[in-house]
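Note that the UniProt record's numbering gives residue 67 to position 67 of the sequence shown, counting from 1, and the numbers run on in steps of one.
These notes concern the structure reproduced below.
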Amino acid sequence: MTIEQAQETVDNWIKTTGVRYFNELTNMAILTEEVGEVARIISRQYGEQSFKPSDKDKVLADELADVLFVVICLANQTGINLTEALQNNLEKKTLRDADRHQQNEKLR
Numbered sequence: 001m002t003i004e005q006a007q008e009t010v011d012n013w014i015k016t017t018g019v020r021y022f023n024e025l026t027n028m029a030i031l032t033e034e035v036g037e038v039a040r041i042i043s044r045q046y047g048e049q050s051f052k053p054s055d056k057d058k059v060l061a062d063e064l065a066d067v068l069f070v071v072i073c074l075a076n077q078t079g080i081n082l083t084e085a086l087q088n089n090l091e092k093k094t095l096r097d098a099d100r101h102q103q104n105e106k107l108r
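Laid out in structure tokens, this is it:
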């Protein structure tokens, strides 16, 4: 699935199953909540925290997909083409960081 197809699929899902988009502020709050769930898994799976019984069934892939879903919702409702936005962002990073990471001793 391309990013464009993902945006179309989410838009169709919202309009049929989800009834309508939540407003942007609500979606921002939901995004924050979903990122927190990703952080919880990462801190337990790769960090030093231990799992609580309620965390054991959480799956990182599913939580990352939740984050992506809400990001796509926000892009759709604000008229952002994520394919173009990502391409532009990568070009910006490539120009800005052309030598930065290569010269970073911490990355060697």
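Heads up, the beta-carbon is just placed ideally off N, CA and C, and yes, glycines get one too.
Every value quoted in this text rests on a predicted model; they were computed, and no experiment measured them.
- Exposed is the label assigned to asparagine 104, since fewer than 16 other Cβ atoms lie within 10 Å of its Cβ.
- Distance from the CA of isoleucine 42 to the CA of alanine 85, rounded to the nearest whole angstrom, comes to 27 Å.
- By the neighbour-count criterion, in which a residue is buried when 16 or more other Cβ atoms sit within 10 angstroms of its Cβ, valine 70 is buried.
- Per DSSP, methionine 1 lies in no alpha helix (DSSP H) and is assigned neither H nor E.
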